[in-house]
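Residue numbers (the numbering used here): 1 to 113.
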Amino acid sequence: MDRRHKRNEDLARFILSRSSLYLHRINKAVSETAARYRLQEIAQAIFASLQQYPILALAVAIAIFTFTLPFLVFIFFTMTTAVMAFTGFVLIEGALIMAASVMLRAAVLRTKN
1 MDRRHKRNED LARFILSRSS LYLHRINKAV SETAARYRLQ EIAQAIFASL
51 QQYPILALAV AIAIFTFTLP FLVFIFFTMT TAVMAFTGFV LIEGALIMAA
101 SVMLRAAVLR TKN
């Protein structure tokens, strides 16, 4: 039992180290891209101008919300459909397994008599 526990711990450590390595690489690539294209300076200039003009900031916020709403609705329906399909699959499989076990039990009891 102790050996199995150790293998599971080693596997968890390996997965965690690999995932943290990939996250570090992704973070480094994003940081390099942001530095190359000076995205932080551009964002600071945009935010400074939006602070001067609150009506423009409201218009930008409404535009961002308007553009992201269909995407969010699509993601919601996609995830809901996936969950419903998986739940339906589990229920149908459970019903089939239960029906098959009842029929097998009936066949075994019938042949005993």
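Here a beta-carbon is modelled for each residue, glycine too, at the ideal position from N, C-alpha and C.
Remark: C-beta atoms of L50 and A57 approach each other more closely than 8 angstroms.
Rounded to the nearest angstrom, the Cβ distance from Q40 to A34 is 6 angstroms, consistent with a contact under 8 angstroms. DSSP, reduced to helix, strand and coil, places Y22 within a helical segment of the structure shown.
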